[in-house]
Amino acid sequence: MPSLKIPFLLLPLFLLPTVRADELLLLDKGQSSYQIVVPDRSATPGLEADLAQTARLLQSAFEANGASVPVVPESDRRPDQPALWLGDTAFARAQGIAVEGLRDWSYVHRVVGRDIVIAGHDHPPHATSDNPRRPNWDRVGTTKAAVDFAREFLGVRFLFPELRGYQPPRHAESVDLLRSPCLEFLPLETIRVPADLDREKHPLLHLNTAHPEGGSFYDLAHNRFPRVDMQFGSHTWGRAVPPELYAEHPEYFALVNGVRLEPKPGHKGGQYCLSHPEVQERIYRDVASLFDRGFDSADLGQPDGFQACQCEACDALYDTGDDWSEKIWIFHREVAERLERSHPGKEVTMMSYILTASPPKTFSAFPSNTGIMLTGTNEEDIAAWKGIEVPRGFTGYVYNWCPNLGTRYTPMRTPGYIERQVKRLAAADIRALLRDGPGQLFGLEGPVYYTMGRMFDDPGQLDARTLVEEYCEAAFPQANVRFHMKSFYDELYHAIAPYSDHLGTRSPGWSYRLYPTDRRKRKSVTDPFQLITFLYSPRVLAHLETSLGRAETLADQPKIRERLALIRSEFDYIKHFAGVAHLHQAWQVAPDAAAMDRLLDAIEARNAYINDLFVKSETPDWRRRYFPLPGHNADHLRLASDGYQEPYAGTCYNWDTARMRKSPATGAKRLQVGRAPAGPVTLDAAIWAEAPVHRMTLVPPLHDLPRESRLQLLWDDTALHLRFELELGANTAFSAVKADRDPDNQEAVEIHLQPDPARPLQYRFAQWPVASSAYDAVRGAISDVMDPRHGRYDSAWNGEWTREVRVEARENRWLCQISIPFHTLEMETPVAGMSWKANFGRNSPLSRGRMDRAVWSSSQSGGPIGEPDMMGEIEFE
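According to our numbering, the sequence shown is numbered sequentially starting from 141.
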């Protein structure tokens, strides 16, 4: 009998896994003796709910591998079983772990016997935010500790955000973590943890945010940390001196060309008179008030599109002359010094942007409370700050997903770009990030976001190739599907690499000087169709379609199919987008009816695809949580309005295809400008009787009876002269408007001139039926490509030109004669045979906000009067 017991005793020992003394075994073949213990109490109900969902995440990792692990409060734990201790438990405190001493998102992983402590600092914010787009978050340091533990030891991969923006972990209550395509739980037979695990991890970043801000498991796992008691932004003077103060205190605002600049309607700020004592005091009090409310860190920065005040006091300010960069640095330093005295221990983050992109020249050390936000984070941007003492270190503003002639719906960066960027940021001790642009294409750019998040775990050891492989292994567990999707991503990232690494916003080739001596930089790419057709050639699109199609055919797991469905939605957008661009270029090369029909068919197919994205389904569609982007509508996806560096509103993507199928072909025009004899050219000069008359074409849709709009042109040695005769409707009385008011929705004539093809300068003039009411602007004069006015009309420019206006109510018309000196356009007197790009238009407001418009030169596509496709040519005789 004893001999029969030997095999019985040996059998279970033989089957038990080998457990080394230097490790803990948390799971073996679907069995676990562990429990998950949470504190009996949390600081707030919200934090308690966050911790409950964090515990459920760990519990789900065990469940995915067959083990049922209970989650219990500390007072109900079973003392005979080992535990994963989450958060600020009495057990953790007994081990000397004081979570309140953990700064920012730092955390502890510590093995104590057979137990494991997983804890960070969990606390509510000290301040409340009044901006719903920038909420002040609870800090859930234990959740950060848990997601890192789950990834490293429990085989959890965080592939997509399981929550929408602005939702903390407590909202995961509604997510089926095991079934959600957002997470993948790798199959594990055993879960092992080193017995000597004792780590206090300090993430490289204490802030990493974008809009919309996130706080999901995905975000925290990828080192995307929301604001906690931080006001982290950029342009703050407008917060201190809001636009509504202009009515009572115009002296607070910048004096430019003799006029105090009124903030534009809808803008959150203006341009300011920095020498004004009350302006300075308000800017200081604005930051101080944030500290008084409980914020630990606040921002400080000059307005976007900065325009210098030209008053005498500002000119004399700080004895820097017209060096406004130094004026701003000195002023900001003074504000920081005051705050250092009034609010010790708080932090001021100053913005280094455009005028202040370079460090100060008159001092090399900032106050002890100061950090700097670098809006340039390339090597040369960072190198400029060597030798400058910045006690609170640097934060970075990265433009990874701010489109440059692409769109927010097309991928912008590659994993390789991200690897180099993160290594550079880490080497420069960048401690916080604000990511510009949406960056929410989780299908096409999922591996890119995954790479960025994971690279911040260990920039010295991790690399993009390894992380993309890690992503694909988790997202596509089927080897055959993974094979084709790796081919898909390799081809996609190879295709967009020229944009990602060279042409994208803030990339080295974003702008250039044609000649080294040029004052103004040029954008390397100004035609979006040139860019899109280059990146997404027919061969590239075919390769991507083949790889994705084969993966879709082979996929037999629900999670994989759902992930591929998201990729399909985003890729089909690119196919339609690039397809229209290719067909538009084909039509430009051979503008016949067949080419136009193919183009119109493609535009209509694209519109139908976009509309289908917004058809509500009776069954939940997981992918629709991600594409279209939350808050975006069909007009957004059609690119119906121009965004920053997204100039698509006036292109074929927004053609009225039904009208164009019915309308006759139109096109750009050309006219000859006659030479005027010596002597003044006035509104009633006899020479106009001999000048040819050119009629403007009505722009559909027409809301009222057609009104005649006539144009004549002459030139002499000094100027270009234009005369307009314009039929009126019932209204023949007009009031003056403020200078430089945009004429788009006013009774006015417009003149657009691009005189020199070698210089990207385009001038816009407009005149109302009141002589004192006029508008002028220039596009292309802003040399800094970071300035939001770059590539747009800047009405701060004021040129020399004259006009005569007369309203003749009995004849039901108004007359206008405009003379524009050549020197105003920085041009010499033309020589006969030279030609300029030009266009002319007329706006006629009707009742109920409707408008009728007429233009001289047009295209079949229509579009804004000043767009290149719309402009004609004037030739000097």
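Ideal placement from N, C-alpha and C gives every residue a C-beta, glycine not left out.
- Sequence-distant residues of its chain with Cβ nearer than 7 Å to E997 (five each side left out): One detail in the question is off: residue 997 reads as Ser in this sequence, not Glu. So the list reads A808, K809, N979, M1010, M1011, G1012, once near-sequence residues are dropped.
- Item | Coarse secondary structure for I1020, derived from DSSP in three states | Nothing in the structure corresponds to residue 1020, since the chain is present only between 141 and 1017.
- Count the CB pairs spanning the region 334 to 344 and the region 237 to 253 that are closer than 8 Å, and state whether there are at least three. yes
- Using alpha carbons as the reference points, say which of L514, P499, P531 lies closest to S508. P531
- With a 10 Å radius around its C-beta and 16 neighbouring C-beta atoms as the bar for buried, classify I1005 as buried or exposed. buried
- Could you pull the start and end residues of the beta strand (DSSP E) that H249 belongs to? 247 to 252
- Message: Three or more C-beta pairs under 8 Å: does that hold for the region 185 to 201 against the region 286 to 298?
- Response: yes
- Message: Please classify N773 as buried or exposed, where buried requires at least 16 neighbouring CB atoms within 10 angstroms.
- Response: exposed
- Drop a sphere of 10 angstroms on the beta-carbon of L155, count the other beta-carbons inside from all chains shown, and report buried for 16 or more, exposed for fewer. Because the pLDDT at L155 is just 44, under 50, the model does not fix this residue reliably, and the value given afterwards should be weighed accordingly. Classification of L155: exposed, given that the 10 Å Cβ count is below 16.
- Mind checking who Q894 pairs with in its DSSP beta bridge? K977
- Message: Do V396 and Q442 have their beta-carbon atoms positioned less than 8 Å apart in this structure?
- Response: no
- Message: So the candidates are H624, P499, Q307, S429; which of them puts its Cα closest to the Cα of H483?
- Response: S429
- Message: Please state whether the Cβ-Cβ distance between D439 and F372 is less than 8 Å.
- Response: yes
- Task: Please classify K526: is it buried, with 16 or more other beta-carbons within 10 angstroms of its beta-carbon, or exposed?
- Result: exposed
- Message: Can you tell me whether D190 is helix, strand or coil according to DSSP?
- Response: helix
- Per-residue DSSP class, three states only, for R946: strand
- Among A568, Q580, Y537, which has the Cα closest to the Cα of M552? Q580
- Message: On a Cα-Cα basis, can you pick out the residue from D782, G354, W908, E702 that is closest to P272?
- Response: G354
- For I636, does the three-state DSSP call read helix, strand or coil? helix
- Might you give, ordered along the chain, the residues of its own chain that have their beta carbon closer than 6 Å to the beta carbon of L326, omitting 5 neighbours on each side? G295
- Message: I'd like to confirm the pairing. Which residues does DSSP put opposite H311 in its beta bridges?
- Response: In DSSP, H311 forms no bridge with anything.
- Message: If distances are taken between C-alpha atoms only, which option among A604, Y589, T686 comes closest to M625?
- Response: T686
- Sequence-distant residues of the same chain with beta carbon closer than 7 Å to G378, five excluded per side: K408, G409, G410, P443
- With T535 and T496 assumed to form a contact (beta carbons below 8 Å), what rounded beta-carbon distance in angstroms separates them? Actually they are not in contact, since the Cβ atoms of T535 and T496 sit about 14 Å apart, beyond 8 Å.
- Proximity of F1016 and W828 at Cβ, strictly below 8 Å: no
- Query: Given that a residue counts as buried once 16 or more other Cβ atoms are within 10 Å of its Cβ, and exposed if not, what is N885?
  - Reply: exposed
- Keeping to the same chain, check which residues put their C-beta closer than 6 Å to that of E848; ignore five residues upstream and five downstream. E867
- Message: What does the Cβ neighbour count give for D597, buried or exposed, with the cut at 16 atoms within 10 Å?
- Response: buried
- Message: Can you tell me whether T283 is buried or exposed? The criterion is at least 16 other CB atoms within 10 Å of its CB, across all chains shown.
- Response: buried
- Just checking my contact of V280 with L226 at CB under 8 Å: how many whole Å lie between their CB atoms? V280 to L226, Cβ: 11 Å. No contact.
- Could you check if Y590 is buried or exposed, using at least 16 other CB atoms within 10 Å of its CB as the buried criterion? buried
- Message: Run through the DSSP bridge pairs and tell me what N348 is partnered with.
- Response: L573
- CB of Q503 within 8 Å of CB of R478, strictly: Before going further, note that residue 503 is Phe rather than Gln in the sequence given. Their beta carbons are not under 8 Å apart, which means F503 does not touch R478 by this criterion.
- Message: For A972, list the residues DSSP reports as bridge partners.
- Response: Paired residues: none, contrary to the question.
- Task: Compute the distance between the beta-carbons of L414 and L457, then report whether it is under 8 Å.
- Result: yes
- If you run the structure through DSSP and keep just helix, strand and coil, what is P334? strand
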